[in-house]
Amino acid sequence: MIKDSPNPPLDSTAFHTAAHRAINHYLNLSKRPEPSAQGANLFTVREGLDVETLLINASEDIGSVQALTSHLAFEIEGAPRDVALGICRILEGIQLLVERALDQRSSR
156 MIKDSPNPPL DSTAFHTAAH RAINHYLNLS KRPEPSAQGA NLFTVREGLD VETLLINASE
216 DIGSVQALTS HLAFEIEGAP RDVALGICRI LEGIQLLVER ALDQRSSR
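Using our numbering, read the sequence shown as starting at 156 and increasing by one per residue.
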(Lines of atoms letter the chains of each structure in order from A and count residues from 1; the text may use other names and numbers.)
(Lines give C-alpha, C1' and ligand atoms only; values in the text may rest on other atoms or scores of the structure.)
Protein backbone atom coordinates (compact mmCIF):
# COMPACT_ATOMS: atom_id res chain seq x y z
CA MET A 1 0.00 0.00 0.00
CA ILE A 2 1.30 3.46 -0.95
CA LYS A 3 1.05 6.08 1.73
CA ASP A 4 0.30 9.72 1.08
CA SER A 5 3.25 12.00 1.73
CA PRO A 6 3.27 13.35 5.27
CA ASN A 7 4.26 16.73 3.81
CA PRO A 8 2.17 17.21 0.70
CA PRO A 9 3.55 19.78 -1.75
CA LEU A 10 2.33 23.31 -1.16
CA ASP A 11 0.61 25.36 -3.80
CA SER A 12 3.56 26.99 -5.53
CA THR A 13 1.55 29.52 -7.52
CA ALA A 14 2.26 32.37 -5.09
CA PHE A 15 5.95 31.46 -4.99
CA HIS A 16 6.24 31.44 -8.78
CA THR A 17 4.37 34.74 -9.06
CA ALA A 18 6.72 36.39 -6.57
CA ALA A 19 9.76 34.92 -8.33
CA HIS A 20 8.59 36.24 -11.71
CA ARG A 21 7.99 39.69 -10.22
CA ALA A 22 11.51 39.74 -8.78
CA ILE A 23 13.08 38.58 -12.03
CA ASN A 24 11.12 41.12 -14.07
CA HIS A 25 12.04 43.88 -11.64
CA TYR A 26 15.78 43.29 -12.07
CA LEU A 27 15.96 42.12 -15.67
CA ASN A 28 13.39 44.26 -17.48
CA LEU A 29 15.09 47.59 -16.94
CA SER A 30 13.53 49.20 -20.01
CA LYS A 31 10.11 49.28 -18.32
CA ARG A 32 11.37 51.34 -15.37
CA PRO A 33 10.44 55.00 -15.41
CA GLU A 34 13.32 57.45 -15.70
CA PRO A 35 13.97 59.47 -12.55
CA SER A 36 12.76 62.99 -13.01
CA ALA A 37 15.16 65.91 -12.90
CA GLN A 38 12.93 67.59 -10.34
CA GLY A 39 13.47 64.80 -7.83
CA ALA A 40 17.26 65.14 -7.91
CA ASN A 41 17.47 67.94 -5.34
CA LEU A 42 16.55 67.71 -1.71
CA PHE A 43 15.47 71.33 -1.46
CA THR A 44 13.93 73.65 -4.01
CA VAL A 45 13.18 77.35 -4.26
CA ARG A 46 9.55 78.28 -4.77
CA GLU A 47 8.77 79.70 -8.19
CA GLY A 48 7.69 83.31 -8.52
CA LEU A 49 9.86 84.87 -5.80
CA ASP A 50 11.35 88.22 -6.71
CA VAL A 51 15.08 88.93 -6.60
CA GLU A 52 14.82 91.13 -3.52
CA THR A 53 13.16 88.37 -1.48
CA LEU A 54 15.82 85.87 -2.56
CA LEU A 55 18.65 88.26 -1.68
CA ILE A 56 17.14 89.11 1.72
CA ASN A 57 16.82 85.43 2.62
CA ALA A 58 20.34 84.72 1.39
CA SER A 59 21.66 87.59 3.50
CA GLU A 60 19.88 86.33 6.61
CA ASP A 61 21.13 82.78 6.06
CA ILE A 62 24.69 84.00 5.54
CA GLY A 63 24.45 86.03 8.75
CA SER A 64 23.26 82.95 10.65
CA VAL A 65 26.09 80.79 9.33
CA GLN A 66 28.57 83.55 10.10
CA ALA A 67 27.32 83.75 13.71
CA LEU A 68 27.64 79.98 14.11
CA THR A 69 31.13 79.95 12.64
CA SER A 70 32.41 82.85 14.72
CA HIS A 71 31.00 81.24 17.88
CA LEU A 72 32.78 78.01 16.94
CA ALA A 73 36.04 79.87 16.23
CA PHE A 74 36.21 81.12 19.80
CA GLU A 75 35.52 77.66 21.24
CA ILE A 76 38.46 75.93 19.53
CA GLU A 77 42.20 76.58 19.24
CA GLY A 78 45.03 76.12 16.78
CA ALA A 79 44.64 75.32 13.10
CA PRO A 80 40.91 74.50 13.33
CA ARG A 81 40.35 77.99 14.79
CA ASP A 82 42.21 79.52 11.85
CA VAL A 83 40.00 77.59 9.44
CA ALA A 84 36.84 78.74 11.22
CA LEU A 85 38.04 82.37 11.19
CA GLY A 86 38.83 82.05 7.47
CA ILE A 87 35.30 80.81 6.85
CA CYS A 88 33.98 83.81 8.84
CA ARG A 89 35.94 86.21 6.62
CA ILE A 90 34.66 84.56 3.45
CA LEU A 91 31.10 84.75 4.76
CA GLU A 92 31.55 88.44 5.61
CA GLY A 93 32.66 89.10 2.04
CA ILE A 94 29.70 87.21 0.60
CA GLN A 95 27.32 89.05 2.91
CA LEU A 96 28.76 92.39 1.76
CA LEU A 97 28.20 91.39 -1.87
CA VAL A 98 24.59 90.39 -1.19
CA GLU A 99 23.92 93.59 0.74
CA ARG A 100 25.42 95.66 -2.10
CA ALA A 101 23.14 93.86 -4.56
CA LEU A 102 20.17 94.65 -2.28
CA ASP A 103 21.19 98.31 -2.08
CA GLN A 104 21.48 98.56 -5.86
CA ARG A 105 18.17 96.80 -6.28
CA SER A 106 16.36 99.13 -3.86
CA SER A 107 17.87 102.30 -5.39
CA ARG A 108 16.16 101.63 -8.73
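Note that beta-carbon positions come from the ideal geometry of N, C-alpha and C, so glycine has one too.
Owing to the predicted nature of the structure, the values given are computational and were not obtained by experimental measurement.
* For isoleucine 231, which three-state DSSP category applies? -> Taking the first residue of the sequence shown as position 1, residue 231 is located at position 76. Reduced to three states, the DSSP call for isoleucine 231 is coil.
* To do: Could you tell me the boundaries of the alpha helix (DSSP H) in which arginine 176 lies?
  => For the purposes of this step, residue 176 is taken as residue 21 along the sequence shown, with counting starting at 1. That run of the alpha helix (DSSP H) goes 168 to 182.
* Asked: Alpha carbon to alpha carbon, how far is valine 200 from glutamine 221?
  -> In the sequence shown, counting from the first residue as 1, residue 200 sits at position 45. In the sequence shown, counting from the first residue as 1, residue 221 sits at position 66. Spanning the two alpha carbons is a distance of roughly 22 Å.
* Asked: What is the rounded straight-line gap between the Cα of isoleucine 245 and the Cα of leucine 210?
  -> Within the sequence shown, the letter at position 90 stands for residue 245. Within the sequence shown, the letter at position 55 stands for residue 210. Between isoleucine 245 and leucine 210, the C-alpha separation is close to 17 Å.
* Quick one: Cα of alanine 251 to Cα of histidine 180, how far? -> Against the sequence shown, residue 251 aligns to sequence position 96. Against the sequence shown, residue 180 aligns to sequence position 25. The identity of residue 251 in the sequence shown is leucine, whereas the question assumes alanine. Their backbone Cα atoms lie some 53 Å apart in a straight line.
* Rounded distance between the beta-carbons of glutamate 215 and leucine 257, thought under 8 Å -> One-based indexing of the sequence shown puts residue 257 at position 102. One-based indexing of the sequence shown puts residue 215 at position 60. Not really, about 11 Å apart at Cβ, beyond 8 Å.
* Return the CA-CA distance between asparagine 240 and arginine 255, expressed in angstroms with no decimal places. => Taking the first residue of the sequence shown as position 1, residue 240 is located at position 85. Taking the first residue of the sequence shown as position 1, residue 255 is located at position 100. It is leucine, not asparagine, that sits at residue 240 in the sequence shown. Cα to Cα, the separation comes out at about 23 Å.
* Asked: For serine 214, which of helix, strand or coil comes out of DSSP?
  -> The residue you call residue 214 lines up with position 59 of the sequence shown. In this structure, serine 214 counts as helix in the three-state DSSP scheme.
* Asked: For serine 167, which of Ile231, Pro161 and His175 has the nearest alpha-carbon?
  -> Sequence index remark: in the sequence shown, residue 167 carries index 12 (1-based). When each option's Cα is compared against that of serine 167, the closest is His175.
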